[in-house]
């Protein structure tokens, strides 16, 4: 392969090395290459080069991230984190749709956010039942879950109706 310059070749090699360790978004890779001191032309060449081999795919990144973090984080928290990594709203939405469809195919009949709330509560309550909690303790748990980004209707469903 002919590279326009030595700097472009170095940027491409750096991009390949960065992607070797873990998946990254287009935005993350661009930021890392720019931080390494490569000029914008070299960065763009390196990104288009790795993209031509499908090494860079924001939708795949979003799906993987969502699948891994949906057990312990709210939809809002995951969305905010993906946006901070430069993933588009469309890729985030498609990622959630894909992960939720896969869960339905696996036979999961409950909402993953409800499962996540339940897991967090079990961890925080250390074996205590929700029915043992006082009104104030339930309010404290509701504030905690709300701060984590879970929807109020799902929090109430889990804490007050349990």
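Numbering (the working numbering), first residue to last: 444 to 605.
Built from N, CA and C at the ideal position, the CB exists for glycine as well.
Just so you know, these numbers come straight off a predicted model, no measurement behind them.
Does the distance from the C-beta atom of residue i to that of residue j stay below 9 Å?
i: residue 417; j: residue 517; result: As displayed, the chain neither begins before 444 nor continues past 605, which places residue 417 out of reach and without an answer.
i: residue 538; j: residue 508; result: yes
i: residue 490; j: residue 502; result: no
i: residue 535; j: residue 522; result: yes
i: residue 563; j: residue 515; result: yes
So is residue i buried or exposed if we call it buried at 16+ other beta carbons inside 10 Å?
i: residue 548; result: exposed
i: residue 593; result: buried
i: residue 582; result: exposed
i: residue 577; result: exposed
i: residue 603; result: exposed
i: residue 488; result: buried
Leaving out five residues on either side along the sequence, give the residues of the same chain with a beta carbon under 8 Å from the beta carbon of residue i.
i: residue 483; result: 477
i: residue 453; result: 481 and 485
i: residue 471; result: 528 and 529
Sorted by chain position, which residues of the same chain lie with C-beta nearer than 7 Å to residue i's C-beta, five sequence neighbours on each side aside?
i: residue 510; result: 542
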